[in-house]
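Numbered per full-length UniProt numbering, the sequence shown spans residues 1 to 207.
No residue lacks a Cβ here, since even glycine has one placed at the ideal position from N, Cα and C.
All figures in this text were calculated on a predicted structure; none of them were measured in a lab.
Everything on this sheet refers to the single structure shown next.
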Amino acid sequence: MSSRGNLFIVSAPSGAGKSSLISALLGDKPADMQVSVSHTTRQPRPGEVNGQHYHFVAVEEFKQLIADEAFFEWAEVFGNYYGTSRRVIEQTLAQGIDVFLDIDWQGAQQIKQQMPEAIGIFILPPSRDELQRRLTGRGQDSAEVIAARMDKAVSEMSHYNEYDFVIVNDDFEIALTDLRAIIRSQRLTQASQTITHSDMLKGLLAE
Ligand SMILES: Nc1nc2c(ncn2[C@@H]2O[C@H](COP(=O)(O)OP(=O)(O)O)[C@@H](O)[C@H]2O)c(=O)[nH]1
Ligand SMILES: Nc1ncnc2c1ncn2[C@@H]1O[C@H](COP(=O)(O)OP(=O)(O)O)[C@@H](O)[C@H]1O
Numbered sequence: 001m002s003s004r005g006n007l008f009i010v011s012a013p014s015g016a017g018k019s020s021l022i023s024a025l026l027g028d029k030p031a032d033m034q035v036s037v038s039h040t041t042r043q044p045r046p047g048e049v050n051g052q053h054y055h056f057v058a059v060e061e062f063k064q065l066i067a068d069e070a071f072f073e074w075a076e077v078f079g080n081y082y083g084t085s086r087r088v089i090e091q092t093l094a095q096g097i098d099v100f101l102d103i104d105w106q107g108a109q110q111i112k113q114q115m116p117e118a119i120g121i122f123i124l125p126p127s128r129d130e131l132q133r134r135l136t137g138r139g140q141d142s143a144e145v146i147a148a149r150m151d152k153a154v155s156e157m158s159h160y161n162e163y164d165f166v167i168v169n170d171d172f173e174i175a176l177t178d179l180r181a182i183i184r185s186q187r188l189t190q191a192s193q194t195i196t197h198s199d200m201l202k203g204l205l206a207e
C-alpha cells in the first residue's frame, strides 16, 4: 500500500539559491520526488527549456487557464503571471510521489489555505550583499532587473515566518543537508506513512 506524497512549498527571494538546492536534491532523478513545472508568461532565459523549467505561455493562454480553474494557485510576480497546475499536482501526490513547488509567498498562502498539511520551507540568503552577488554572478538578468529583484527581496523575506521551516543558504552543502533532513523527517511522521495500517505493526503489537 503506497501512501500519498507530501507537498513541499519552497520559497525564497530571487537569487537565494532555491533552484540550485532543488536541482541538487532532484539531481539523480529519485523516483519518489518531483518538482512541479509552473506556467509563466515571462520570457525564457538563455538555456531554459519549455516544459522543463517552465511552461512558457502567452498572457491570453494564461488567463484562459485561470478561467478554466486549471491552477491550484497563481500569482503575479515581477509583472509576469506564474501558476501551478492543479491536475498534475493531484495526480503526482496520488501516486505517492513527493512534489516540490518553487513558488512565491502569495502562492504559498493559497496552497496552505487549500491544503494545510503542505509543508512550507523558506530559504534565506546569509546577507543582502551576498544576495546581490549571487544575482549578479548568475549573469542572467540586466542591471535594471537585478535592482528590481533586490527591491522585491526584502518584502519577500518578510514572509519567512509564514513557513514551517527556514533554511539559511550560506554553505550550500549544509543547506542541502538541512533540506534533506526536513524531507526525511516529514516522511517519518505517522501521517505520511501507512505504518498504522501495516501488517508489520499488527505483527509487532499482537497480544
Ligand atoms: N505563485 C507562484 N510563484 C511562482 C511560480 N513559479 C515560480 N514562481 C515564483 O516566481 C518568482 C520568480 O521566478 P523566476 O522568474 O523563475 O526567477 P527566479 O526567482 O530568479 O528563479 C520566484 O519567487 C518563484 O518562486 C508559480 O507557479 N506560482
Ligand atoms: N550557498 C551558495 N553559495 C554561493 N552561491 C550560491 C549558493 N547557492 C546558490 N548559489 C548561486 O547563486 C545564484 C542564484 O541561485 P539560484 O539557485 O538561481 O537562485 P533562485 O532560484 O533562488 O533565484 C546561482 O548562480 C547559484 O549558483
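Expressed to the nearest angstrom, what Euclidean distance is found between the alpha-carbon atoms of residue i and residue j?
i, j, result
"ASP170", "LEU176", "10 Å"
"PRO30", "ALA24", "11 Å"
"GLN43", "PHE56", "7 Å"
"GLU69", "PHE8", "22 Å"
"ARG4", "ALA143", "44 Å"
"SER38", "ASN50", "10 Å"
"ALA153", "THR92", "31 Å"
"ALA75", "GLN110", "9 Å"
"SER198", "GLN114", "29 Å"
"GLN64", "LYS202", "50 Å"
"residue 216", "GLY83", "Examination of residue 216 is not possible in this model, given that the chain is present from 1 through 207 alone."
"ALA67", "ALA206", "54 Å"
CB-CB under 6 Å to residue i, same chain, minus the five flanking residues each way: which ones, in chain order?
i, result
"TYR81", "THR41 and PHE62"
Following a CB-centred definition, is residue i positioned closer than 8 Å to any heavy atom of ligand 2?
i, result
"ILE119", "no"
"PHE172", "yes"
"PRO13", "yes"
"GLY137", "yes"
"ASP102", "yes"
"LEU21", "yes"
"ALA175", "yes"
"ARG128", "no"
"ILE146", "no"
Skipping 5 residues on each side, what residues in its chain have a beta carbon closer than 7 Å to that of residue i?
i, result
"ASP102", "VAL10, LYS18, SER19, ILE22 and VAL35"
"TYR160", "PHE122, LEU124 and VAL166"
Any heavy atom of ligand 1 inside 8 Å of the beta-carbon of residue i?
i, result
"PHE78", "yes"
Check residue i in the structure and name its three-state DSSP category.
i, result
"LEU7", "strand"
"ASN169", "coil"
"SER38", "coil"
"TYR163", "coil"
"VAL49", "coil"
"VAL77", "strand"
"ILE182", "helix"
Anyone know if the C-beta pair for residue i and residue j falls short of 9 Å?
i, j, result
"PHE100", "LEU26", "yes"
"GLY107", "ASP164", "no"
"ALA94", "ASN6", "no"
"VAL168", "PRO126", "yes"
Using C-beta distances below 8 Å, list every residue in its chain close to residue i, excluding the 5 sequence neighbours before and after it, in chain order.
i, result
"GLU156", "SER11, ALA12, PRO13, SER14, ASP104 and TRP105"
"ARG86", "GLU69, ALA70, PHE71 and PHE72"
"LEU135", "SER14, GLY15, ASP141, ILE146, ARG149 and MET150"
"ALA58", "THR41"
"ASP32", "GLY5, GLY96, ILE97 and ASP98"
"LEU131", "PRO13, GLY15, ALA16, PRO125, MET150 and ALA153"
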